[in-house]
DNA sequence: TTCGTCATGTAATGGGTTACATGATTAC
DNA sequence: GTAATCATGTAACCCATTACATGACGAA
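Residue numbers (our numbering), protein chains in the order written: chain A, 7 to 212; chain B, 7 to 212.
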């Protein structure tokens, strides 16, 4: 059971395939173009993942069948498309606003598909990531304060650069959150129960 | 065989223990304070790693024995120290200037112990990382140029932020490299053979 | 005496990579 | 016709995590 459920790949594949049907090779290129700054997937993980998703019925092979390529018997590319079940599963993944959405490995992928994510979920993910980073800042800052003197210049420089990067990402998140907030003028005060919300559609997904 | 050879942990442990003997719990705290912005280790990987390193003879238990704690039979903390072999191994790890030193997962740890790394090796690692990042920039930039139009605003923003972060790190590396170069006024032109280099000591390590 | 944190460990699992193997198609 | 790149796949391994289990010690 190498690779479909639980990993980031599942979302990455499902999300990509939702936009348009693709074959494995092309899918990988797109993914690495999309997330290239953060991570890169290899074929060794992608193909087994596709196989698993196929077995689970979340994706299906797409037959070119009739038009534009009448050659028979030739099928080297295997183009996959999302099934109805697959769309459901994708929706499920995109609705989860928990650590699995805002940790380092997964945040980028989730963000990349924000277009298909509900506005409220987007906000909670952004805030989740921000507080995750702030936690990190706090713990490193306090640890640093206690030991700053006995650190060599390289270690110090690493700390400085690390802090700066994370602080920068927090600022970036702040801006995003502010923008998102303007988008949803509902929930004036904080509500613990979240029943129906009349005009809050942003999901698209079909 | 969970965990000692090959991983980043080996270097992290050996490097930390070189500065001062430590027990596992404290070691982990230090490591996570040192590298907290980049990654975090768990006990589940640290302890098995220590066990392995102990078995390999790279570290040894340190007996408090005589002074300052005369209570007998009590030994809840297990303090480890580097052996001669361990120091050798550490030196070996710190001399490797290859992908294993400048990839995302490992660069931080290598940088953190630059104090114990030869000046030339430092330079090659910094340059290696820089060109690694530049490769990434290139491939993402070209891919982006071909598909910019059909990208939604979230994807675009992710790309922008990713590019900016990496560009920023490249600039940081540029500065570091410049500083390093001032430190070693040898090799006026590029030499393919690198035989002895008389006065290039910075290693310390005993 | 109970709670937090210090302290050490193990088993199961996980999610992905590397390296390998194969073959079709395109460009020169 | 041969080299590059497109395209698909598998087996072995890797490095670390999660979750669990245990217990000592200090402070409230």
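Cβ coordinates follow ideal geometry from the N, Cα and C atoms, glycine included.
Residue from the options whose Cα sits closest to the Cα of residue i
i	options	result
residue 65/A	51/A, 84/A, 47/A, 49/A	84/A
residue 123/B	174/B, 95/B, 39/B	95/B
residue 23/B	37/B, 11/B, 13/B, 12/B	37/B
residue 46/A	111/A, 27/A, 105/A, 154/A	111/A
residue 53/A	40/A, 69/A, 99/A, 32/A	32/A
residue 82/B	91/B, 67/B, 93/B	67/B
residue 40/B	108/A, 175/A, 165/A	165/A
residue 145/A	109/A, 62/A, 172/A	172/A
residue 21/A	42/A, 43/A, 97/A, 69/A	97/A
residue 51/B	44/B, 11/B, 26/B	11/B
residue 167/B	191/A, 108/A, 44/A	44/A
residue 178/B	170/A, 191/A, 101/A	170/A
residue 25/A	88/A, 109/A, 106/A	88/A
Where residue i falls: helix, strand or coil (DSSP)
i	result
residue 60/A	helix
residue 107/A	helix
residue 67/A	strand
residue 35/A	helix
residue 87/A	strand
residue 78/A	Only weak support exists for where residue 78/A lies, its pLDDT of 47 falling under 50; the value from the coordinates is given anyway. Residue state, collapsed to three classes: coil.
residue 157/A	coil
residue 28/B	strand
residue 54/A	helix
residue 190/A	coil
residue 149/A	helix
residue 134/B	helix
residue 124/A	coil
residue 13/A	coil
residue 45/A	coil
residue 102/B	coil
residue 117/A	helix
Contact set between residue i and chain A, taken where Cβ atoms lie within less than 7 Å
i	result
residue 50/B	Near residue 50/B there are no residues of chain A at all, since even the closest Cβ is about 17 Å away, more than 7 Å.
residue 151/B	Neighbours of residue 151/B on chain A: none; closest Cβ ~10 Å, over 7 Å.
residue 142/B	42, 43
residue 178/B	167
residue 172/B	43
Backbone CA spacing between residue i and residue j [nearest angstrom]
i	j	result
residue 56/A	residue 148/A	45 Å
residue 136/A	residue 126/A	15 Å
residue 103/A	residue 113/A	11 Å
residue 35/A	residue 19/B	37 Å
residue 154/A	residue 13/B	28 Å
residue 152/A	residue 86/A	55 Å
residue 116/B	residue 92/B	16 Å
residue 49/A	residue 28/A	14 Å
residue 17/B	residue 99/B	7 Å
residue 58/A	residue 187/B	51 Å
residue 182/A	residue 181/B	30 Å
residue 185/A	residue 90/A	33 Å
residue 15/A	residue 30/B	34 Å
residue 189/B	residue 61/A	59 Å
residue 128/A	residue 162/B	16 Å
residue 106/A	residue 101/B	37 Å
residue 63/B	residue 150/B	50 Å
residue 42/B	residue 191/B	35 Å
Cross-chain neighbours of residue i in chain A, by beta carbon under 9 Å
i	result
residue 168/B	41, 42, 43, 44, 114
residue 145/B	38, 39, 42
Cross-chain neighbours of residue i in chain B, by beta carbon under 7 Å
i	result
residue 154/A	Correct list: empty, because the minimum Cβ distance to chain B is about 11 Å.
residue 14/A	In chain order: nothing, as chain B lies at least about 14 Å away.
residue 121/A	158, 160
Contacts that residue i makes with chain A (C-beta to C-beta distance below 8 Å)
i	result
residue 118/B	160, 161, 164
Under 9 Å from the C-beta of residue i: neighbouring residues of chain B
i	result
residue 19/A	Going along chain B, no residue has its Cβ under 9 Å from residue 19/A, so there is no contact; the nearest lies around 16 Å.
Checklist entry - With contact counted as at least three CB pairs below 8 Å, one residue from each stretch, are the segment 116-134 of chain A and the segment 145-164 of chain B in contact? => result yes
Next on the checklist: Count Cβ pairs between the segment 129-143 of chain B and the segment 124-139 of chain A that sit closer than 8 Å; are there 3 or more?
Outcome noted: no
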